[in-house]
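Below is one structure, written out as structure tokens, with a few remarks after it.
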Amino acid sequence: MNPLLNVGGISKFYGHRIGCKDVSFDLYPGEVMGIVGESGSGKSTLLNCLAGHLAPDTGAVNFDTRVDGMRDTVTMSEPERRMLSRTDWAFVHQHARDGLRMNVSAGGNVGERLMAVGARHYGEIRDQATDWLGRVEINADRVDDRPTAFSGGMQQRLQIARNLVTGPRLVFMDEPTGGLDVSVQARLLDLLRGLVREMNLSAIIVTHDLAVVRLLADRLMVMKDGHVVETGLTDQVLDDPQHGYTQLLVSSVLQV
Amino acid sequence: MSDYNFAYLDEQTKRMIRRAILKGLAIPGYQVPFASREMPMPYGWGTGGVQVSAAVLTPEDTFKVIDQGADDTTNAVSIRRFFEKTADVAVTEATAEASVIQTRHRIPEQDLRADQILVYQVPIPEPLRFLEPSEVETRKMHALEEYGLMHVKLYEDISQHGAIATSYAYPVKVEGRYVMDPSPIPKFDNPKLNMAGIQLFGAGREQRIYAVPPYTDVVSLDFEDYPFEASKADHACDLCGATDSYLDELIVDDSGKRMFMCSDTDYCCSRRKAGHIGAQGVPYAEDAA
């Protein structure tokens with residue numbers, strides 16, 4: 001099997017400071033990878049470099065495009081990269097407000113990606129939007145409400161619907177459960193796990209919450225100070241951490 | 257003639273504006289930045305249109321100004337006087353006699369000819385502005401032809417009102433490339449954007465000029481199941497009886513009595529002169545007396 005995403009030697013510096021350094025990995029179709037680490041460890045920098053929001057200083061991000069096969073998304077032209085980011089890629093922000101248009105109705109939010117790729121039939125766009133709201137457990141009668149009228153958890157689910165409506169193959173998630181209370185988190189994780197399995201999505205999830213990666217991720221990458229210090233299967237890394245920092249991280253989790 | 261340079265602006269400024277106009281004509285619908293000057297009128301009163309008019313006027317031109325279709329409102333009268341004074345050009349109220357027509361919010365009912373120039377006053381040239389506040393981002397969207405957002409606005413209209421409720425400044429796509437704000441003309445006028453005359457758009461405060469060359473393909477955006485409709489009040493003009501012109505609705509007394517009349521005063525007058533009379537109209541000669 002060919003990898004969906006092949007990352008080679010990604011580095012990003014902010015002046016003399018390291019954002020992330022020399023990160024390489026492969027991601028296969030249907031695989032979910034977690035990136036964990038403390039604040040400032042370079043998780044989000046890495047994710048933004050992968051998703052094309054930041055230009056890395058060195059390295060390549062090769063993506064298996066539908067038409068041309070493996071392409072380096074760092075060197076591809078901006079129109080191509082932006083096209084990719086609204087068709088085959090999806091990006092779920094930590095704060096739903098960053099990923100939603102707050103002054104546009106829920107239906108419009110979900111429909112935007114469809115219209116961006118050329119859908120021009122109102123009835124079909126609306127049907128798809130309603131269908132997707134149902135799949136993320138938002139009532140169909142909320143389709144014309146604005147996200148400002150939604151709770152935090154609903155906003156996050158709306159953001160997920162908006163991202164997945166074009167059937168992407170790779171989803172980037174930046175702390176998808178951050179700022180939500182635990183019961184809402186649990187439902188969201190349940191939903192995400194279902195969608196990932198059902199749509200055979202590949203995903204890269206950045207989080208500092210080890211419970212999230214335990215539930216969602218197949219593989220785990222632990223970062224500290226911009227470097228990857230440990231990688232492996234999630235259960236293996238969490239149950240038998242080898243690196244000192246990973247051991248600290250795992251032992252820092254509060255037990256209830 | 258007065259002490260003003262011809263048409264108020266100095267020659268270098270007019271050159272700069274003409275360059276922007278030529279670039280705009282070469283790239284239909286593209287917003288060309290230009291160094292807008294202070295004009296002796298407030299922003300929002302047509303400073304962009306006046307600068308474009310000043311740059312295209314020649315001493316032989318006949319000038320006409322329309323404000324919401326009318327030739328006799330404050331804005332139209334003062335701009336017309338401005339160019340009478342500073343350029344000493346002939347002025348007219350008759351659409352057919354004018355060679356340069358500056359307009360606000362309307363396209364004349366009468367079809368324009370190839371030797372006529374229509375200059376629009378534009379308040380906000382960026383059609384994506386109320387959807388995307390960042391200028392950097394909107395420029396990028398124009399450059400990469402990412403216009404899905406424009407349809408989000410129309411989607412919102414239908415979901416809230418059951419139909420596309422945008423009735424003026426209705427977005428159009430020019431020559432299959434740039435999405436353009438046709439200035440706040442009623443959507444009734446949108447089909448007329450495909451015309452024989454040259455159309456120039458000037459936004460003074462926003463410092464943008466754009467243009468639509470003659471016979472350019474201008475398509476109003478819509479959905480397959482909610483097609484574009486050039487709507488007007490379902491009525492005939494009460495003065496001249498015209499059924500094909502864009503109408504203003506007036507409330508004429510305290511009991512809410514209404515009256516519809518052509519917004520294009522020149523069109524209405526010339527029809528009345530030709531003997532057409534609407535439901536509440538009187539023959540033209542009697543009215544004048």
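Line by line, the protein sequences are chains A and B. Under the working numbering, the first residue of the first sequence carries the number 1, and numbering increases by one thereafter. Under the working numbering, the first residue of the second sequence carries the number 257, and numbering increases by one thereafter. Glycine included, each C-beta is placed from N, C-alpha and C at the ideal position.
Quick check on Ala-276(B): buried or exposed, where buried means 16 or more other Cβ atoms within 10 Å of its Cβ?
buried
Rounded separation between Leu-233(A) and Met-221(A) - CA only
9 Å
What is the residue span of the alpha helix (DSSP H) that Ala-459(B) lies within?
It is not in any alpha helix (DSSP H) - Ala-459(B) instead sits in the beta strand (DSSP E) that spans 454-459.
How about Gly-99(A): is its C-beta nearer than 8 Å to some C-beta of chain B?
no
Could you work out which residues of chain B lie near Val-104(A), taking near to mean beta carbons separated by less than 7 Å?
Val-408, Glu-412
Chain B contact residues for His-121(A), given Cβ-Cβ distances below 7 Å:
Phe-479, Glu-480, Asp-481
Contacts of Ser-439(B) in chain A (Cβ-Cβ under 8 Å):
Residues of chain A passing the Cβ test: none, with the nearest at roughly 24 Å.
Taking all protein chains shown into account, decide if Ala-545(B) is buried (16 or more other Cβ within 10 angstroms of its Cβ) or exposed.
Low per-residue confidence applies at Ala-545(B): pLDDT is 49, beneath 50, and the placement is therefore not dependable enough to give any value.
Mind listing, in chain order, the continuous alpha helix (DSSP H) runs of no fewer than 4 residues lying wholly within the stretch 315-382 of chain B?
330-343
Cβ pair count under 8 Å reaching 3, the stretch 400-419 of chain B against the stretch 375-390 of chain B:
yes
Tyr-471(B), buried or exposed, once every other Cβ within 10 Å from all chains shown has been counted against 16:
exposed
So with CB distances below 8 Å, who are the chain A contacts of Leu-400(B)?
Glu-78, Pro-79, Arg-82
So what's Ala-90(A) in DSSP terms, helix, strand or just coil?
strand
Residue-chain proximity (Ala-116(A), chain E), Cβ-Cβ < 8 Å:
Within the model displayed, chain E is absent; protein chains A and B are what it includes.
Would you verify that the beta carbon of Glu-112(A) is, or is not, closer than 8 Å to some beta carbon of chain B?
yes
Thr-318(B) beta carbon less than 8 Å from that of Ala-352(B):
no
Mind reading off the beta-carbon distance from Ile-10(A) to Ile-204(A)? Whole number of angstroms is fine, and I expect it under 8 Å.
At roughly 12 Å, the Cβ-Cβ gap does not stay under 8 Å, so Ile-10(A) and Ile-204(A) are not in contact.
So Met-517(B) and Cys-524(B) are in contact, right, with Cβ under 8 Å, and what is the actual spacing, rounded?
6 Å
Would the stretch 67-78 of chain A and the stretch 234-242 of chain A be scored as touching if the rule is three or more Cβ pairs under 8 Å?
no
Nearest-angstrom Cβ-Cβ length linking Ile-373(B) and Val-312(B), presumed shorter than 8 Å:
6 Å
Beta-carbon gap between Leu-50(A) and Ser-202(A) smaller than 8 Å
no
Starting from Ile-125(A), find everything on chain B with Cβ-Cβ shorter than 9 Å and list it in chain order.
His-407, Tyr-411, Phe-479
Take every Cβ of the stretch 161-168 of chain A, pair it with every Cβ of the stretch 84-93 of chain A, and state whether three or more of those distances are shorter than 8 Å.
yes
Spatial distance of Gln-94(A) from Gly-123(A) (CA atoms)
31 Å
Proximal chain A residues relative to Ser-415(B), where beta-carbon distance stays under 8 Å:
Ser-105, Gly-107, Gly-108, Arg-126, Val-143, Asp-144
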